[in-house]
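Below: one structure, written as structure tokens.
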Amino acid sequence: MAFFRGIPVSLWGSGMYVPEKVLTNDDLSRLVETSDEWIRDRTGIQRRHIAAEGELTSTVAEKAARAALDDAGVDPSELDMIIVATNSPDTLFPGVAPKVQGLLGALNAGAFDVQSGCTSGVYSMAVAAGGIASGMWKRVLVIGAEVLSPLIDWTDRNTCVLFGDGAGAVVLGPSREGEGKFISAELRSDGTKHEQITLPGGVVQYPATAETVKNKLHYVAMKGNDVFKFVNRTIPPFLRDYCGASGFSPEDIDWWFFHQANQRIIERSAERLGISPDKVILNIAEYGNTSAASLFIALSEFLREKRLRKGEKLLFTAFGAGMTYGGIIYEA
Ligand code: UT7
């Protein structure tokens with residue numbers, strides 16, 4: 114666990130974008146053997162947004178970025194760094210961040226991607242806040258963006274009902290008069306479980322061949338139940354310890370932003386930590402699991418509806434391929 118020291122860093126603005134097209138559970142039940150009832154009961158998901166043909170991760174990222182820059186009142190030319198958290202880059206290289214930097218005309222900014230499963234959002238926020246706290250950067254645009262739909266096997270009911278496309282973004286900068294600050298972050302990984310969520314095909318280990326395509330190695334594969342057990346075992350004690358090390362008890366946190374992977378996981382974790390359900394942000398019903406974008410979308414929606422009160426504490430936590438997990442605390 115590490116406290117942010119040096120220059121206090123605050124959230125200057127946020128934004129989001131999700132594709133227009135919606136895929137309901139009933140739509141899915143016409144593609145695979147599933148039902149609205151099964152999906153709702155097991156995951157809490159009702160709908161998910163799916164990118165249109167030609168809508169890429171860089172496209173949704175740019176739209177969320179423009180909304181966040183508008184909200185923060187920051188011009189692209191003022192950015193020092195653009196970080197994109199994604200597991201579905203348009204191409205293996207270049208990354209999404211340099212493309213977005215070009216699209217925005219952010220001429221003074223560096224750009225790089227963070228790819229660490231669904232935890233990428235927490236990792237990238239921590240890196241951005243650490244970079245500003247150290248004095249290395251002043252204004253950083255952090256985007257979580259996914260267009261996972263082309264990477265999904267739409268005949269595999271174990272995965273196709275879960276994921277959605279979309280993007281969210283935040284602009285971070287040094288705290289100004291009366292603004293909040295990031296308090297601490299804890300970034301973890303258990304790489305012994307790297308086989309639980311994978312997309313193995315088409316890169317170094319399994320270069321694309323007719324065989325890899327036939328075996329569907331170019332699609333997301335997940336041992337859902339193993340992930341479910343890993344997360345339920347790991348996340349509640351992790352969060353209790355992380356809060357404690359940061360000087361808080363779980364009750365001290367005003368708003369809990371869990372990665373929106375499964376409503377059952379979120380509710381079970383909240384229950385075990387003794388968190389009141391009205392402090393837990395839930396939007397999985399509308400968007401499904403948008404992986405690295407999920408925390409940014411949840412935060413942007415939240416801030417559109419609510420004004421943070423001075424001193425309120427927000428905890429962001431995620432878990433995903435790696436298996437990585439982590440948390441970051443912000444005080445308004
Ligand atoms: O963001 C990255 C992190 N990912 C996650 O957090 C995902 C974590 N895992 C999960 O959310 C849950 O494991 C799932 C929602 C993926 C699955 O729920 P589960 O309660 O763990 O179900 P299961 O995998 O144990 O499968 C139970 C049954 C199986 O049938 P049998 O073998 O008992 O006959 C599955 O074949 O449910 C079946 N099943 C389905 N049935 C209807 C699996 N997917 C579906 C489906 N519709 N879509």
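Heads up, the sequence shown is in this note's numbering, so the first residue is 114 and it goes up one at a time.
For each residue, glycine too, the CB sits at the ideal point set by N, CA and C.
Is T347 near E259, with beta carbons less than 7 Å apart?
No. Outside cutoff.
Can you tell me where the beta strand (DSSP E) holding K426 begins and where it ends?
K426 -> beta strand (DSSP E) spans K426 to G433.
Going by the CB atoms, is the gap between V274 and I152 shorter than 7 Å?
Cβ distance < 7 Å, so I152 and V274 count as in contact.
Expressed to the nearest angstrom, what Euclidean distance is found between the alpha-carbon atoms of F343 and G440?
Approximately 16 Å, taken between the alpha carbons.
Any heavy atom of the ligand UT7 closer than 6 Å to the Cβ of N338?
Yes, the beta carbon of N338 sits closer than 6 Å to at least one heavy atom of the ligand UT7.
Indicate whether the contact test is met: 3 or more Cβ pairs, each with one atom in the stretch 123-132 and one in the stretch 399-418, closer than 8 Å.
Segments in contact, yes.
Throw me the rounded Cβ distance for the V173 and Y400 pair, which I believe falls under 8 Å.
Contact flag wrong, Cβ pair sits at about 12 Å.
Who are the Cβ neighbours of G433 in its own chain at under 6 Å, not counting the five residues just before and after it?
For G433, where only same-chain residues beyond five positions count, the Cβ hits under 6 Å are G230, C231 and T232.
According to the Cβ coordinates, are Q376 and I397 closer than 7 Å?
A contact, by the Cβ cut-off of 7 Å.
Going by C-alpha to C-alpha distance, which of A298, L261 and I265 sits closest to V326?
With distances taken between Cα atoms, V326 lies closest to I265.
Indicate whether A282 and I256 have their beta-carbon atoms separated by less than 7 Å.
Against a cut-off of 7 Å, the Cβ pair of I256 and A282 comes out as a contact.
Going by DSSP, what residue range makes up the alpha helix (DSSP H) through T172?
Where T172 is concerned, the enclosing alpha helix (DSSP H) stretches over T170 to A185.
Start and end of the alpha helix (DSSP H) containing I348?
First-last of the alpha helix (DSSP H) with I348: G337 to A358.
Under the rule that 16 or more other beta-carbon atoms within 10 Å means buried, what is V317, buried or exposed?
Exposed, by the Cβ-count rule.
Spatial neighbours of K329 within its chain, please: C-beta separation below 6 Å, excluding the five flanking residues on both sides.
Same-chain partners within the cutoff: D266.
Distance check for P121 and F206, CA to CA, integer angstroms please.
In a straight line, the C-alpha of F206 is about 33 Å away from that of P121.
For a test of your reading of the model: does the CB of G433 fall under 6 Å from any non-hydrogen atom of the ligand UT7? Yes or no.
Answer for G433: yes, Cβ within range of the ligand UT7.
Would you report the Cα separation of D140 and T147, rounded to the nearest angstrom?
Cα to Cα, D140 sits roughly 10 Å from T147.
In terms of residue numbering, what span does the beta strand (DSSP E) encompassing F371 cover?
Run containing F371: W368 to F371, per the beta strand (DSSP E) assignment.
Considering only their Cβ atoms, is the gap separating I310 from I442 smaller than 7 Å?
No, Cβ-Cβ distance for I442 and I310 is not below 7 Å.
Going by DSSP, name the residue or residues bridged to Y319.
Answer is G314, bridged to Y319.
Can you give me the Cβ contacts of S362 inside the same chain, cut-off strictly under 7 Å, excluding the 5 residues immediately before and after it?
So the qualifying residues of the chain are C356.
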